[in-house]
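Single-structure report; data block below.
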Amino acid sequence: MTAYIIRRLLYALPILIGVNALTFVLFFVVNSPDDMARMHLGGKRVTDQAILAWKEDHGYDKPLLINQSREGSAQLTDTILFEKSLRLFVFDFGQSDNGRDISHDISQRMWPSLAIAVPTLLVGLAVNITFALLLAFFRASYLDFWGVVICVGMMSISSLFYIIGGQFLVGKLLNLVPISGYDTGVHAWKFMVLPVIVGVIGGIGSGTRWYRTLFLEEIQRDYVRSARAKGLSEHLVLFRHVLRNALIPILTGVVVVLPMLFIGSLLTESFFGIPGLGSYTIEAISNQDFAIVRAMVFLGAVLYIIGLLLTDISYTIADPRVRLD
Amino acid sequence: MPSSVGDLACRPKARRELRTMVRKVTHISVALKSSRLSRWCRQVLVLSLLSMLLVGCTDQAWNDPYRAGKAAGTVFFSSFPERPKHLDPVRSYSSNEWAFISQVYEPPLQYHYLRRPYTLVPLTAENLPEIRRVGHDGRLLGDDAAAADVAYTDYVVRIRPGIRYQPHPALARHDDGSHVYWPLVPEVLGRVNALADFEQTGTRELVADDYVYQIKRLAFVPNHSPVASLMAEHIEGFAEFMRASKAAFEGLDKSGSSEPWLDLRTLAMSGVEVIDRYTYRVRILNTYPQFVYWLAMNFFAPMPWEAERFYQQPGLNEKNINLHWYPIGTGPYMLTENNPNLRMTLVRNPNFHGERYPSQGSAQDRRDGLLDDAGKPMPFVERAIYSLEKEAIPRWNKFLQGYYDNSGIASDSFDQAVQFGSGGEATLTEEMIEKGIQLSTAVETSIYYTGFNMRDPVVGGDSERARLLRQAISIAIDFEEFISIFRNGRGEAAQGPLPPGIFGHRAGRTGVNPVTHQWRDGRVQRRPIEDAKRLLEQAGYAQGRDPKTGGPLILNYDTPAAGPDSKAMLNWYRKQLKKLGIELVIRATDYNRFQDKMLKGTAQLFSWGWNADYPDPENFLFLLYGPNGKVESKGENAANFRNAEFDALFLKMKDMPNSPERLRVLDRMIDILRDESPWLFGFFPKAFGLHHGWVENVKPHLMAKNTLKYRRVDGEARVAAQQTWNRPVLWPLAIVLGILVISVIPAVIGFIASERSRAL
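Order-wise, the sequence lines are chains B and S. Going by this note's numbering, the first sequence opens with residue 1, and the numbers climb by one from there. Going by this note's numbering, the second sequence opens with residue 1, and the numbers climb by one from there.
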């Protein structure tokens with residue numbers, strides 16, 4: 001397995017280089033270094049000299065991809081792409097374009113993201129599995145039919161509706177929890193309640209349907225028929241056999257999203273005022289802060305690759321028949 | 001408000017509640033013990049009950065976003081929509097940043113809080129600066145000297161002795177006078193994650209050197225001050241200092257220092273001089289009467305050199321401990337918590353020199369209770385907590401719940417908050433009045449205009465045809481309607497480039513723009529569309545037809561408003577020109593491309609705005625001064641307007657003091673603009689602000705940002721209101737729970753039936 005992991009990590013390198021190059025190209029198709037300078041220097045009294053000085057100071061005064069004024073390898077290395085990208089591979093994110101240390105910001109902002117994302121995932125998982133089992137138990141009945149209809153309805157509603165509706169109902173009409181905001185330490189709990197509830201409810205539709213499909217697939221297997229033939233009651237069949245076997249795709253599906261929990265949710269964090277990495281990325285995009293955008297995309301790619309690797313490894317743990325060679 | 005069982009026990013009522021609560025929990029525990037539930041289940045139930053009872057027994061509302069006990073004090077609660085980028089006064093130039101640093105930094109001058117028109121008064125200065133105009137022969141000139149005769153102008157500022165900085169680690173000293181945190185030892189650096197983690201702080205007296213040091217910082221290129229190029233035109237030796245300090249800094253960088261700090265004190269700026277410990281002089285080339293306004297801005301606030309040296313130490317910047325995030329000043333407040341992703345907290349500066357609430361104001365101010373605190377020492381508020389609130393809906397709802405003391409009014413909430421009377425006056429709705437919310441309005445010292453690119457061959461230039469076309473369009477685009485539809489009435493149609501409150505603005509009949517409006521029935525009315533059609537015909541575009549093509553005249557409107565929200569507004573613009581038969585093509589793009597078009601001069605019609613730096617007509621009319629053309633010199637004249645007479649009058653006007661003669665010059669300049677119509681003057685936005693009844697001394701001030709010190713807050717009234725408005729409503733939860741239980745019953749019955757049927 002070690003060889004497999006090393007091989008996968010080596011495969012990751014060209015992927016990361018590609019992701020980084022793509023981010024770079026996409027960003028600079030929309031923005032030029034001059035645009036970035038104007039954005040950071042403000043709308044008033046911005047002179048050419050000020051733009052030039054800003055670009056010099058932030059290393060944007062060089063050519064983007066190829067430096068025609070240099071010779072040899074310096075044509076490629078003395079460029080913005082190379083200078084801004086190389087340090088990423090040792091996780092040195094440097095400073096944002098407005099002077100803040102990105103690594104420090106990430107280390108501060110990942111905790112609020114996790115504080116919302118982890119309970120949402122765990123509670124959501126429990127709720128979705130429960131509902132899915134219920135629907136599977138009453139399969140082909142009116143409960144199953146209406147359950148699926150409700151799930152499809154819930155899937156069709158925008159997550160923004162759940163957020164605004166949740167804030168209005170729970171925070172404003174019922175006055176049960178703060179509408180938005182965040183606090184540190186133990187004081188954070190009351191700000192977590194509503195985003196977690198909204199996140200869980202928003203995910204019930206798709207989650208329940210997905211898990212129901214998995215359970216129904218398992219229910220039709222021969223071993224389930226054998227279990228029933230042995231005289232096991234239906235709930236024992238469901239919990240002992242179906243749930244255990246259906247857990248393999250559930251587990252792998254969960255493992256793949258685990259690293260992404262760090263990145264946070266863009267919408268939820270923005271509307272609930274959670275100072276996490278999701279809102280960090282949104283701010284960076286709107287402020288045209290390439291340093292942060294690049295760092296967050298790179299981090300997202302790394303975490304996604306780790307997630308996929310962990311998924312493969314979790315297969316071997318969940319299903320002994322799987323071997324990573 | 002109690003925050004723990006310990007706090008509860010301190011009050012008789014709370015003690016009774018606590019006893020009852022403990023009794024109830026004991027009863028329930030005993031009852032559970034005798035039940036058949038497992039031990040684990042019993043423990044969970046008891047703990048849940050206990051926590052619910054604890055929450056229920058505190059005075060704090062469940063949805064209170066602050067920690068218990070905060071609301072009762074003299075604390076001001078507000079929000080900010082986006083995190084500030086820079087809090088260094090040398091760099092900061094936006095209102096959301098000034099909202100914080102203006103409470104911390106103190107330039108020598110400030111605006112009088114109550115007096116209108118806006119008037120400068122001393123802040124840290126003893127008096128307004130002494131202004132000495134010196135002729136080319138070295139002789140002192142009088143106030144009425146012609147600008148051409150003035151070689152330079154000296155501004156001599158004398159600050160008050162005894163003013164001290166806020167407690168700050170950069171100023172902490174040992175007994176021997178050496179600084180505690182310079183150089184910073186690795187053990188200390190390892191312990192520190194925020195400025196508050198430094199155990200020792202110190203202070204020192206404010207001296208003239210600190211103001212001079214800050215002016216040098218403005219000129220230091222790596223600081224990227226937005227006003228550096230402007231100051232280089234006016235302050236003697238500023239441009240030379242920019243070059244010299246940059247060269248010195250680069251030399252330092254090459255010498256291999258990992259964190260180079262250039263001590264700007266070692267370099268001289270010829271136009272800025274310390275005269276004595278409390279007096280300094282700034283020499284302005286020729287004249288620049290508007291310079292005095294800059295002395296009321298944070299750019300000219302003092303900076304102790306120790307602070308800059310402290311923050312430049314290796315390791316601090318990596319922890320975001322730098323001058324951009326931790327200001328140091330002499331003002332009434334100091335920034336004790338700077339978490340721009342969450343919350344900013346200003347706390348009263350214990351070393352504040354003291355200032356008294358103004359005693360002079362208008363009769364209306366007295367009626368409004370704005371003079372009730374006259375002569376009392378400020379600040380009144382001990383602490384101000386600003387929470388990051390990016391979205392308008394939660395911000396508005398939290399204001400209505402009493403968790404923010406003030407709020408603007410977003411378009412979505414406007415009808416809920418404000419209604420217009422028969423006379424067009426804005427009043428609050430019943431809902432707002434019931435809550436004791438107050439409304440304050442003021443016309444901003446800003447303008448939103450639609451410009452013609454004067455370099456364009458169709459709409460630009462000084463030909464009669466183009467001039468008449470611009471005039472016709474100026475009549476057709478009905479900004480009164482625009483304000484009503486898109487601004488909820490929050491604006492005033494502009495008759496010229498100068499907003500109310502700026503010298504040169506004329507209200508009423510004398511202020512009417514005769515090209516677009518007329519005075520009828522005692523009020524200003526837009527000219528009928530027939531007048532515009534007539535002008536269009538004179539221009540050679542009868543019924544909006546282009547004689548070259550025979551088809552409708554096609555004009556292009558460039559805008560960065562590309563989102564779906566702007567669609568209605570852009571359609572409205574199209575409809576306005578349709579009234580003349582002109583086809584308007586909307587060229588929506590992103591802001592970067594829009595800026596690019598403006599710089600290249602490829603736009604035809606566009607909309608833009610300007611917010612005044614200071615209350616002087618020069619700060620608006622320079623937007624149309626020829627040499628400031630966007631294409632020619634990348635200046636602020638986006639219309640690229642150039643008119644010889646206007647430019648000559650501008651040069652004359654900008655150096656004049658406010659006087660009848662200056663007013664005559666301004667009248668002539670505005671007449672030229674009306675006739676040439678390089679702008680559709682658009683509108684002056686009206687600021688609508690709301691605040692709760694427990695906040696006192698609120699008067700909109702569009703120039704001053706250091707207004708927190710004037711605010712007074714009644715914390716007890718706030719707590720009472722919060723408790724009344726935010727009682728938790730639990731019955732819908734019970735109904736939901738009931739529905740869930742009812743809906744589960746058939747499932748349970750079905751489950752049991754299914755189990756039994758298989759068992760048989």
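Glycine is no exception: its CB is placed at the ideal position from the N, C-alpha and C atoms. If you're wondering where the values come from, they're calculated on a predicted model, not measured in any experiment.
For Asn298 (chain S), the closest alpha carbon among the candidates S:Glu82, S:Trp725, S:Leu570 and S:Thr124 is that of S:Thr124. In the three-state reduction of the DSSP assignment, Ala392 (chain S) falls in the helix class.
DSSP, reduced to helix, strand and coil, places Arg487 (chain S) outside both helices and strands of the structure shown, so it counts as coil. The alpha-carbon of Pro112 (chain B) is positioned some 13 Å away from that of Val193 (chain B). Rounded to the nearest angstrom, the gap between the Cα atoms of Arg718 (chain S) and Ala72 (chain S) is 7 Å. The criterion of a C-beta distance shorter than 7 Å is not satisfied by Ile179 (chain B) and Gly166 (chain B).
Apart from sequence neighbours up to five positions away, the residues of its chain that approach Arg164 (chain S) with a beta-carbon distance below 8 Å are Thr203, Arg204, Glu205, Leu206, Thr330, Asn351 and His353, ordered along the chain. Between Pro358 (chain S) and Ala374 (chain S) the beta-carbon gap is near 7 Å, inside 8 Å, which marks them as a contact. The region 163–182 of chain S makes contact with the region 296–310 of chain S: 3 or more CB pairs, one atom from each, lie closer than 8 Å. Looking only at S:Tyr614, S:Glu632, S:Ile101 and S:Ala639, the smallest Cα-Cα distance to Leu623 (chain S) is reached by S:Ala639. Residues of the region 58–74 of chain S whose Cβ lies closer than 8 Å to any Cβ of chain B, in chain order: Ala61, Trp62, Asn63, Asp64, Pro65 and Arg67.
For Lys398 (chain S), at least one C-beta of chain B is nearer than 7 Å to its own C-beta. As computed with DSSP, Trp679 (chain S) is found in a beta bridge with S:Gly451. Sequence-distant Cβ neighbours of Ala132 (chain B) in its own chain, meaning closer than 7 Å and more than five residues away, are Thr208, Tyr211, Arg212 and Phe215.
Of all residues in the region 279–293 of chain B, those with a C-beta nearer than 9 Å to a C-beta of chain S are Ser279, Tyr280, Ile282, Glu283, Ser286, Asn287 and Gln288, reading in chain order.
Among the residues of the region 215–226 of chain S, those with a Cβ less than 7 Å away from any Cβ of chain B are Val221, Pro222, His224 and Pro226, in the order of the chain.
Against chain B, the CB of Val729 (chain S) has a partner CB under 7 Å away; the residue lies at that interface. If you compare the alpha carbons of S:Met269, S:Gly251, S:Ser270 and S:Gln543 with that of Trp261 (chain S), the shortest gap goes to S:Gly251. Within the same chain, Tyr614 come within 6 Å of Tyr293 (chain S) by CB-CB distance, once the 5 residues on both sides are set aside. Restricting attention to S:Ala228, S:Leu140, S:Glu676 and S:Ala151, the CA atom closest to the CA of Leu469 (chain S) is found in S:Glu676. Take Asn127 (chain S), set aside five residues on each side of it, and the residues of its chain with a beta-carbon closer than 8 Å to its own are Arg158, in chain order.
In the structure shown, the three-state DSSP call for Asn406 (chain S) is strand. Of the residues assessed, His187 (chain B) falls on the exposed side of the cut-off, its CB having fewer than 16 other CB atoms within 10 angstroms. In this structure, the alpha-carbon of Ala644 (chain S) lies about 11 Å from that of Leu651 (chain S). Against chain B, a Cβ distance below 7 Å from Leu230 (chain S) picks out Arg45.
Judged by beta-carbon spacing, Val212 (chain S) lies within the 7 Å limit of Val274 (chain S), meaning their Cβ atoms are closer than that value.
The straight-line gap separating the alpha-carbon atoms of Gly99 (chain B) and Glu130 (chain S) is approximately 39 Å. Within 10 angstroms of the beta-carbon of Thr516 (chain S) lie 16 or more other beta-carbons, which makes it buried.
The Cβ atoms of Ser96 (chain B) and Ile282 (chain B) do not sit closer than 7 Å to each other. Between the alpha carbons of Met155 (chain B) and Ile204 (chain B) lies a distance of about 8 Å. Between the alpha carbons of Arg642 (chain S) and Ala648 (chain S) lies a distance of about 11 Å.
Tyr449 (chain S) places its beta carbon 7 Å or farther from that of Gly626 (chain S). The DSSP-derived three-state label of Phe503 (chain S) is coil. CA-CA distance, Ser413 (chain S) to Leu174 (chain B), rounds to 20 Å. Interface with chain B (7 Å Cβ-Cβ cutoff): Leu388 (chain S) is included. By alpha-carbon distance to Met36 (chain B), the top candidate from S:Val150, S:Asp596 and S:Gly177 is S:Asp596.
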